[in-house]
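Just so you know, we're using numbering that gives the first Met the number 0 here: the sequence shown kicks off at 0 and counts up by one.
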Amino acid sequence: MVLEIYLDLLSQPCRSVYIFAKKNNIPFEYKKLSLFAGEHYNEEFGKINIMRKVPAIRDGNFCLSESVAIMQYLAEKYGTPDNWYPADVQKRARVNEYLSWQHAAMRTHGSKVFWLRLMIPKVLGVEVPKEKMDAALEDLNNSLKLIEEKFLQDRPFIAGDQISLADLVAIVEIMQPCRSVYIFAKKNNIPFEYKKLSLLAAEHYSEEFGKINIMRKVPAIRDGDFCLGESVAIMQYLAEKYGTPDNWYPADVQKRARVNEYLSWQHAAMRMHGSKVFWLRLMIPKVMGVEVPKEKMDAALEDLNNSLKLIEEKFLQDRPFIAGDQISLADLVAIVEIMQPVGAGLDVFEGRPKLSAWKDRVRAEIGADLFDEVHQGVLSAQETAQTLDGSKLQHFKPTILKLFL
Numbered sequence: 000m001v002l003e004i005y006l007d008l009l010s011q012p013c014r015s016v017y018i019f020a021k022k023n024n025i026p027f028e029y030k031k032l033s034l035f036a037g038e039h040y041n042e043e044f045g046k047i048n049i050m051r052k053v054p055a056i057r058d059g060n061f062c063l064s065e066s067v068a069i070m071q072y073l074a075e076k077y078g079t080p081d082n083w084y085p086a087d088v089q090k091r092a093r094v095n096e097y098l099s100w101q102h103a104a105m106r107t108h109g110s111k112v113f114w115l116r117l118m119i120p121k122v123l124g125v126e127v128p129k130e131k132m133d134a135a136l137e138d139l140n141n142s143l144k145l146i147e148e149k150f151l152q153d154r155p156f157i158a159g160d161q162i163s164l165a166d167l168v169a170i171v172e173i174m175q176p177c178r179s180v181y182i183f184a185k186k187n188n189i190p191f192e193y194k195k196l197s198l199l200a201a202e203h204y205s206e207e208f209g210k211i212n213i214m215r216k217v218p219a220i221r222d223g224d225f226c227l228g229e230s231v232a233i234m235q236y237l238a239e240k241y242g243t244p245d246n247w248y249p250a251d252v253q254k255r256a257r258v259n260e261y262l263s264w265q266h267a268a269m270r271m272h273g274s275k276v277f278w279l280r281l282m283i284p285k286v287m288g289v290e291v292p293k294e295k296m297d298a299a300l301e302d303l304n305n306s307l308k309l310i311e312e313k314f315l316q317d318r319p320f321i322a323g324d325q326i327s328l329a330d331l332v333a334i335v336e337i338m339q340p341v342g343a344g345l346d347v348f349e350g351r352p353k354l355s356a357w358k359d360r361v362r363a364e365i366g367a368d369l370f371d372e373v374h375q376g377v378l379s380a381q382e383t384a385q386t387l388d389g390s391k392l393q394h395f396k397p398t399i400l401k402l403f404l
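Here is the structure:
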């Protein structure tokens, strides 16, 4: 059966998949879907992708969504030229770093400006407030600046001298994560020096850390002269460099694609929604002393519930773990994000027996002591918030309120 790719080329991620497949002479049947006509809501496509988003592929009985995961799968299955997704562990890590970052940055900001400048005022006939447009342009400009200063620097392309998936994704768009990295390194006995940074004390703005990560975000690693940010890219790098057990990041092309599918999806879904509920339920009202409108809280809870439902129905289904019978990076990234709203007093496992049983399996695989160690801080967040000095957050207050309110 020929590979089927479902696309609407109005969508940036669809364009990157289409270009990649065409450029590399990958044989496929182009299944055109019109998003404006609502064709992604038809019954047939719902069997391909329960999330009803494009791009998506069907390769025999194997269905996959998320553009980055799709291109990684195609690169590995069809043996595309090495520059696209390099075998060299540091070059691949550099590609993965950009691919991990862009979901909640360039992808989000580029799309937002497109809608605010064109679709909302010209098609929907709704006036866009100037302050909304100005804020969106500022976010976009900041992302473009980071592409130049952090990802390109003085290199011809993001990963070096040749074009890669990172450049392709970038051009069409033109700390829970700390816990997952810590668990992964500890569980796999990877030797490392733990460099603790206090975000509340703004230690990530020190001159020294700026040399490690110009974006001033954690987690980040320095391995000799090689520096890397973005938790997913870091774990993929560690898995490949240290040869961790295969289940974490499988060599099997379809199992790895299943892991990558979740890792690509979660940035703008579970990661975003879990963090938002944590801030709206706990940090903003209890520490900053700012009242959260009920409609904001209700909308955030609805988004979170939708993400949790997709984890059960799309990513887990009837499997013990996301990629199959064994734990993987996908489960590790998922559990630390799902535990975040629990720290704000929301029991997300209540009434979700499938999710609860999965959590117990993940905890057992990680090891109860390590699991409890890394989640002790977030699970005691409500008590900590009562004694936390809110003045320490004043530096971040405008950014936080803009982001969540």
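The beta carbon of each residue, even a glycine, is placed where N, CA and C say it ideally should be.
DSSP, read as helix, strand or coil, puts PHE35 in coil. By the 16-neighbour rule on beta-carbons within 10 angstroms, VAL332 is buried.
In the three-state scheme derived from DSSP, where H, G and I count as helix and E and B as strand, LEU6 is classed as strand. Your pair LEU98 and ILE25 does not check out as a contact, with CB atoms roughly 19 Å apart and the cut at 8 Å. Judged by their CB atoms, SER230 and CYS177 are nearer to each other than the 9 Å cut-off. Secondary structure in the region 200–277: the alpha helix (DSSP H) runs of 4 residues or longer, each lying completely within the stretch, are 206–211, 230–241, 252–265 and 269–277 in chain order. Between PHE183 and LEU196, the C-beta gap is not smaller than 9 Å, which leaves the two residues out of contact.
The beta-bridge partner set that DSSP reports for GLY323 consists of PHE320. Taking the CA atoms as reference points, ALA165 sits about 33 Å from LEU354. TYR77 carries a helical assignment under DSSP once its states are collapsed to helix, strand and coil. Here SER179 is not near MET269, since their CB atoms are 9 Å or more apart. Judged by DSSP secondary structure, LEU354 falls within the alpha helix (DSSP H) whose first and last residues are 352–365. Proximity of the region 102–109 to the region 131–147 meets the contact definition, three or more beta-carbon pairs being nearer than 8 Å. In the DSSP annotation of this structure, the continuous segment of the beta strand (DSSP E) that includes ILE56 starts and ends at 55–58. Around the Cβ of GLY124, a 10 Å sphere holds fewer than 16 other Cβ atoms; the residue is exposed. For PHE61, the uninterrupted beta strand (DSSP E) segment begins and ends at 61–64. In this structure, DSSP gives GLY159 an extended state, which the three-state scheme calls strand. For LYS121, no alpha helix (DSSP H) run applies, since DSSP gives it neither H nor E. By the Cβ neighbour-count rule, LEU404 is exposed, with fewer than 16 other Cβ atoms within 10 Å of its own. Per the C-alpha coordinates, the member of GLU382, PHE225 and ILE283 positioned closest to ALA92 is PHE225. Judged by pairs of C-beta atoms under 8 Å, the region 280–295 does not touch the region 257–271, as fewer than three such pairs exist.
Fewer than three Cβ pairs drawn from the region 77–97 and the region 41–53 lie within less than 8 Å of each other, which leaves the two stretches out of contact. DSSP places TYR40 within a helical segment (H, G or I) once states are collapsed to three.
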